[in-house]
Amino acid sequence: GNSVLGLEVAFMLNGGVMVLLGVICWFALPSEPLLKSSESSGDMMQEVREGMKITLAMPEVWLAGVSGFFIYFAYTSLPYYVTYLDESYALPALAVSIFAILSTSVGRISSAFVAGFVTNRIFGSSAGGMQAGLVLIAFLGTALALIPTTQSLVWVAMSLLMPLVFVIFFMRALYFAPYGEMGLPPRFSGSVIAVAAFVVYAPSSFGYLVWGLLLDTFPGDTGYRYLFTTLAVIGTSGAVSAIYLRRRMGEGLRERIARKVAVLDENLGLEGEEKTFAKL
Numbered sequence: 030g031n032s033v034l035g036l037e038v039a040f041m042l043n044g045g046v047m048v049l050l051g052v053i054c055w056f057a058l059p060s061e062p063l064l065k066s067s068e069s070s071g072d073m074m075q076e077v078r079e080g081m082k083i084t085l086a087m088p089e090v091w092l093a094g095v096s097g098f099f100i101y102f103a104y105t106s107l108p109y110y111v112t113y114l115d116e117s118y119a120l121p122a123l124a125v126s127i128f129a130i131l132s133t134s135v136g137r138i139s140s141a142f143v144a145g146f147v148t149n150r151i152f153g154s155s156a157g158g159m160q161a162g163l164v165l166i167a168f169l170g171t172a173l174a175l176i177p178t179t180q181s182l183v184w185v186a187m188s189l190l191m192p193l194v195f196v197i198f199f200m201r202a203l204y205f206a207p208y209g210e211m212g213l214p215p216r217f218s219g220s221v222i223a224v225a226a227f228v229v230y231a232p233s234s235f236g237y238l239v240w241g242l243l244l245d246t247f248p249g250d251t252g253y254r255y256l257f258t259t260l261a262v263i264g265t266s267g268a269v270s271a272i273y274l275r276r277r278m279g280e281g282l283r284e285r286i287a288r289k290v291a292v293l294d295e296n297l298g299l300e301g302e303e304k305t306f307a308k309l
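Sequential numbering of the sequence shown, starting at 30, is according to the numbering used here.
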């Protein structure tokens with residue numbers, strides 16, 4: 030009875046917040062498009078198509094998406110860290126619950142809060158922050174795969190899991206940031222973000238299934254060793270993608286995009302400055 034009521038209240042609150050945000054966006058967002066071509070000219074769709082051709086042909090757009098893909102894939106492994114501690118080290122329910130709270134709610138809020146500041150000050154760009162985080166995931170995944178599951182090492186396992194959780198949430202705050210740093214015109218950013226979201230969130234359709242299948246096929250400690258080994262491979266693969274992304278973004282990317290957009294505007298006879306939501 031009470032548990033069902035609690036779920037119903039949670040669903041209603043979530044739905045109410047979504048409706049409220051939708052209404053606010055409806056009135057707050059401008060109705061005027063960011064495109065340079067006017068609706069009366071009939072060239073708006075052509076401008077959108079040509080803009081998509083330019084942006085989606087850029088390797089940097091796909092490298093950022095692939096880097097985000099590996100970050101989200103790592104994120105889908107989070108629920109199994111609690112079961113790892115429970116099954117491999119037989120921790121008391123209270124200790125497991127405390128770890129779950131610290132590694133989800135507290136980790137999510139604290140890491141996301143500092144992500145932008147730390148990335149700009151230490152790594153210089155979001156691609157650099159993702160690169161460092163993915164390398165750390167590869168290291169921590171390898172360490173967790175190799176650590177013996179003896180009761181005396183439970184605190185070592187927890188000391189490796191906590192930074193792993195923090196790093197994953199840290200990078201979740203970054204994987205769309207490269208698109209803002211590329212210098213893409215706001216009028217073409219919608220299609221880019223749509224494609225990026227499709228790539229980044231793709232693991233949500235199979236990630237949990239992969240982890241569950243892995244643990245069911247290899248019960249006990251063996252399954253978790255394979256899980257963390259796979260996580261290390263994901264971190265390594267994502268780091269390689271982020272390294273290439275960082276290099277390409279530092280090679281005059283903004284200037285190349287500006288030149289291509291200038292050619293597009295000239296071919297379509299478009300004039301005027303780029304529009305932003307702040308100026309509408």
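Idealized CB from N, CA, C, for every residue including glycine. Everything numeric in this text was worked out from a predicted model, so none of it was measured.
By the DSSP assignment, the alpha helix (DSSP H) with residue i in it spans what residues?
i, result
"Asp72", "That residue, Asp72, is in no alpha helix (DSSP H); it is neither H nor E in DSSP."
"Asn296", "282-297"
"Ile272", "250-278"
"Leu193", "183-201"
"Gln160", "155-175"
"Ile151", "From DSSP, Ile151 is part of no alpha helix (DSSP H); its letter is neither H nor E."
"Ala103", "88-104"
"Gly301", "First-last for Gly301: undefined, no H or E at that position."
"Pro121", "Element bounds for Pro121: n/a, residue is neither H nor E."
"Tyr208", "206-210"
"Pro215", "215-229"
"Leu238", "236-246"
For residue i, is the classification buried or exposed, using 16 other Cβ atoms within 10 angstroms of its Cβ as the cut-off for buried?
i, result
"Ile263", "buried"
"Ile127", "exposed"
"Phe227", "exposed"
"Ile286", "buried"
"Leu175", "exposed"
"Asn31", "Any reading at Asn31 must be qualified, since the residue scores a pLDDT of 49, below 50, and its modelled position is unreliable; the value itself is stated next. Exposed."
"Val52", "exposed"
"Val143", "exposed"
"Gly279", "exposed"
"Leu42", "exposed"
"Val46", "exposed"
If we call anything under 9 Å between Cβ atoms a contact, is residue i one with residue j?
i, j, result
"Gly94", "Val224", "yes"
"Arg201", "Tyr110", "no"
"Ala186", "Leu114", "yes"
"Gly170", "Phe257", "yes"
"Glu79", "Leu293", "yes"
"Glu61", "Leu297", "no"
"Ile222", "Phe205", "yes"
"Thr84", "Trp240", "no"
"Pro215", "Lys82", "no"
"Val196", "Leu165", "yes"
In terms of alpha-carbon separation, which member of the options lies closest to residue i?
i, options, result
"Tyr208", "Ser220, Tyr237, Pro177", "Ser220"
"Ser96", "Ala144, Arg275, Glu37, Asn43", "Arg275"
"Glu300", "Leu63, Cys54, Leu282", "Leu63"
"Leu243", "Ala291, Leu50, Leu260", "Leu260"
"Pro121", "Gln180, Ile53, Val196", "Gln180"
"Pro108", "Leu190, Lys289, Arg277", "Leu190"
"Ala103", "Val48, Thr148, Ala231, Val125", "Ala231"
"Tyr253", "Leu42, Tyr118, Phe235, Ser233", "Tyr118"
"Thr92", "Pro177, Leu123, Arg277", "Note on residue identity: the sequence assigns Leu, not Thr, to residue 92. The option with the nearest alpha carbon to Leu92 is Arg277."
"Ser154", "Glu302, Ser140, Glu210", "Glu210"
"Ala167", "Leu282, Gly267, Arg283", "Gly267"
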